[in-house]
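Participant: First the structure, then my questions, so here it is.
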Amino acid sequence: MSENVFEGFKKYKDVDEVILEKYKKLLPDEFLEIWKKYGFGTILNGYIKIVNPMDYQDILDASYFAAPVSIPIMVTAFGDIITWEKNTFIKSVKYKNGTLKGIAASFRYFWGDLITSNRFKREIFEFDKYAEALKMKGPLEFDECYGYVPLLGLVGSEEVSNLSKVKIREHILLITELVGRIE
């Protein structure tokens with residue numbers, strides 16, 4: 224794991240033993256160590272939230288075809304849920320445009336690419352757009368993301384000026400209700 228990814232980590236809260244016990248056979252040790260060392264919180268200037276899977280599993284179940292083999296572990300500033308799937312790889316469920324993206328086969332590559340790969344940051348995570356949104360709209364609370372208004376699936380356009388701060392859970396459920404599940 225690259226410690227640089229966690230420079231500036233902002234803790235939201237500690238991960239309690241019940242959660243660690245529940246996920247110890249479901250998530251890689253490397254990720255569990257992050258929970259133990261840092262807790263739940265944000266990295267990369269608030270762009271990625273490391274979350275309690277139990278806070279997002281019900282949303283994943285309602286909105287994503289592969290939910291039975293997926294554990295929600297992170298959420299981006301744009302409301303994409305990053306999952307650990309089939310105990311094998313990391314994917315991003317991108318609700319705003321109804322797509323799914325495989326992003327890494329291990330946490331070692333994932334953390335490394337977040338630091339070293341500009342293409343990864345630009346194409347997978349839209350860091351440039353995040354920097355613009357952060358400047359225009361201000362920082363997010365832990366339960367918020369930037370969401371397009373109107374929704375992209377309902378003729379909205381991908382302009383930063385069309386982003387608003389929204390509650391993550393409600394926003395994903397609204398997209399699912401109006402546009403449909405990720406199939």
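Under the numbering used here, the first residue of the sequence shown is numbered 224, with each subsequent residue one higher.
Heads up, the beta-carbon is just placed ideally off N, CA and C, and yes, glycines get one too.
Predicted model only: the values in this text are computed from it and were never measured.
So S293 is in the beta strand (DSSP E); what residue range does that whole segment cover?
Facilitator: Reading the sequence shown from its first residue, position 70 is the one you call residue 293. 293–299 is the span of the beta strand (DSSP E), which, as asked, contains S293.
Participant: At what residues does the beta strand (DSSP E) containing I395 begin and finish?
Facilitator: As a position in the sequence shown, residue 395 is number 172, starting the count at 1. Taken as a continuous stretch (DSSP letters only), I395 belongs to no beta strand (DSSP E), being part of the alpha helix (DSSP H) at 391–402.
Participant: Looking at G302 and G370, is the spacing between their C-beta atoms short of 8 Å?
Facilitator: In the sequence shown, the residue the question calls residue 370 occupies position 147. In the sequence shown, the residue the question calls residue 302 occupies position 79. For G370 and G302, yes; Cβs fall inside 8 Å.
Participant: When the distance is taken between beta carbons, is K388 closer than 8 Å to E367?
Facilitator: For the purposes of this step, residue 367 is taken as residue 144 along the sequence shown, with counting starting at 1. For the purposes of this step, residue 388 is taken as residue 165 along the sequence shown, with counting starting at 1. In this structure, K388 lies closer than 8 Å to E367 by Cβ.
Participant: Tell whether a beta-carbon distance below 8 Å holds between K259 and V238.
Facilitator: As a working note, residue 259 is residue 36 in the sequence shown. As a working note, residue 238 is residue 15 in the sequence shown. Yes, the Cβ-Cβ distance between K259 and V238 is below 8 Å.
Participant: My output table needs one value for M224: the three-state DSSP class, helix, strand or coil.
Facilitator: Taking the first residue of the sequence shown as position 1, residue 224 is located at position 1. The predicted position of M224 is uncertain, since its pLDDT is 48 and thus under 50; no value can be drawn from it.
Participant: Taking Cβ positions, are I304 and F254 nearer each other than 8 Å?
Facilitator: Position 81 of the sequence shown, counting from 1, holds the residue named residue 304. Position 31 of the sequence shown, counting from 1, holds the residue named residue 254. The answer is no: Cβ separation not under 8 Å.
Participant: Output the boundary residues of the alpha helix (DSSP H) element that contains E244.
Facilitator: For this step, residue 244 is matched to residue 21 along the sequence shown. 240–246 is the extent of the alpha helix (DSSP H) around E244.
Participant: Let me know if S315 comes out buried or exposed under the rule of 16 or more other beta-carbons within 10 Å of its beta-carbon.
Facilitator: The sequence position of residue 315 within the sequence shown is 92, counting from 1. So S315 counts as buried.
Participant: Whole angstroms is fine: what's the gap from M224's alpha carbon to I398's?
Facilitator: Reading the sequence shown from its first residue, position 1 is the one you call residue 224. Reading the sequence shown from its first residue, position 175 is the one you call residue 398. The predicted position of M224 is uncertain, since its pLDDT is 48 and thus under 50; a value taken from the coordinates is nonetheless stated next. Approximately 34 Å between the Cα atoms of the pair.
Participant: Identify whether F348 lies in helix, strand or coil by the three-state DSSP scheme.
Facilitator: Against the sequence shown, residue 348 aligns to sequence position 125. In the structure shown, F348 sits in coil (DSSP, three-state: anything other than H, G, I, E or B).
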